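The sequence shown runs 1 to 142 under the working numbering.
Think of the CB as a built atom: it goes at the ideal place given N, C-alpha and C, for glycine as much as any other residue.
Model, not experiment: these values are computed from the prediction.
This report concerns only the one structure given below.
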Amino acid sequence: MRFMVMVKATKDSEAGVMPTPEEFAAMGAFNEQLIKAGVMEAGEGLHPSARGARVAFSGQDRRVIQGPFAATSELVAGFWIWNCASLQEAVEWVRKCPNPMRSDSEIEIRQIFAPEDFGAALTPELRAQEERQRQAIASRAP
């Protein structure tokens with residue numbers, strides 16, 4: 001099972017406060033453990049929402065909303081993509097994670113849909129299209 005593991009933003013991360021060398025080293029050591037265990041597929045930090053935008057959809061209309069966004073606790077400051085046997089395994093990995101922020105923080109774990117999760121809605125033709133798209137993306141990876 002694949003999971004997106006999201007580090008929730010804080011006032012510091014939204015203000016652009018960067019980690020110290022010690023904080024980078026602790027997270028780097030944790031990422032090394034994830035990689036050696038075959039869990040980590042990707043992981044990145046995100047710029048503050050002030051440097052981002054949202055697009056709101058209403059029928060055929062699109063409205064662009066420039067950051068920053070108000071509800072800091074609902075924003076994502078960084079993420080990983082992990083491959084774990086279960087949600088419980090992902091939870092156990094997060095419990096080993098150094099606190100990603102200098103203040104109290106949260107990490108949210110959400111399972112990523114697999115093709116079989118969609119049942120009959122993902123027809124054989126759509127499944128083949130999705131596989132072609134995945135292969136095209138993988139062929140461009142460095």
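- Using the C-alpha atoms, what's the distance from ASP61 back to TRP80? By one-based count along the sequence shown, residue 80 stands at place 80. By one-based count along the sequence shown, residue 61 stands at place 61. Pairing TRP80 with ASP61, the inter-Cα distance amounts to about 32 Å.
- Pairwise C-alpha distance: THR123 and ASN99: Indexing the sequence shown from 1 puts residue 99 at position 99. Indexing the sequence shown from 1 puts residue 123 at position 123. ASN99 and THR123: Cα-Cα distance of roughly 42 Å.
- Message: So, at 8 Å on beta carbons, what are the nonlocal neighbours of ALA53 in its own chain, with the 5 sequence-adjacent residues on each side left out?
- Response: Stepping through the sequence shown from its first residue, residue 53 is reached at position 53. For ALA53, where only same-chain residues beyond five positions count, the Cβ hits under 8 Å are VAL64, ILE65, GLN66, GLY67.
- Query: If you scan the segment 48-121 from start to end, which runs of the alpha helix (DSSP H) of 4 or more residues do you find wholly inside it?
  - Reply: Within the segment 48-121, the runs of alpha helix (DSSP H) that reach at least 4 residues and sit entirely inside it are, in chain order, 87-96.
- What span of residues does the beta strand (DSSP E) with GLY43 cover, start to end? One-based indexing of the sequence shown puts residue 43 at position 43. Per DSSP, GLY43 belongs to the beta strand (DSSP E) from 40-45.
- Apply the 10 Å Cβ neighbour rule to ILE107 and answer buried if 16 or more other Cβ atoms are within range, or exposed otherwise. Residue mapping note: residue 107 aligns to position 107 of the sequence shown, counting from 1. When all chains shown are included, ILE107 counts as buried.
- Query: Touch check for the segment 10-28 and the segment 101-118: three-plus C-beta pairs under 8 Å?
  - Reply: Yes, they touch.
- Limits of the unbroken alpha helix (DSSP H) element including MET1: Your numbering for residue 1 matches position 1 in the sequence shown. Here MET1 belongs to no alpha helix (DSSP H), and DSSP marks it neither H nor E.
- Message: Whole angstroms are fine: how far does the CA of GLU74 sit from the CA of VAL17?
- Response: Numbered from its first residue, the sequence shown carries residue 17 at position 17. Numbered from its first residue, the sequence shown carries residue 74 at position 74. Those two C-alpha atoms are separated by around 18 Å.
- Task: Compute the Euclidean distance between the alpha carbons of ARG95 and MET6, then round it to the nearest angstrom.
- Result: Mapped onto the sequence shown, residue 95 falls at position 95. Mapped onto the sequence shown, residue 6 falls at position 6. Each residue's alpha carbon lies about 14 Å from the other.
- Sufficient close CB pairs (3 or more, under 8 Å) joining the segment 38-52 to the segment 80-91: A contact exists between the segment 38-52 and the segment 80-91.
- If you draw a straight line from the alpha carbon of ALA56 to that of PHE69, how long is it in whole angstroms? In the sequence shown, residue 56 corresponds to position 56, counting from 1. In the sequence shown, residue 69 corresponds to position 69, counting from 1. Their backbone Cα atoms lie some 13 Å apart in a straight line.
- Query: Relative to the C-alpha of PRO19, which residue among ILE109, GLY45, GLN88 is closest?
  - Reply: Within the sequence shown, residue 19 is the residue found at index 19, counting from 1. Each of ILE109, GLY45, GLN88 was checked against the Cα of PRO19, and the nearest Cα belongs to GLY45.
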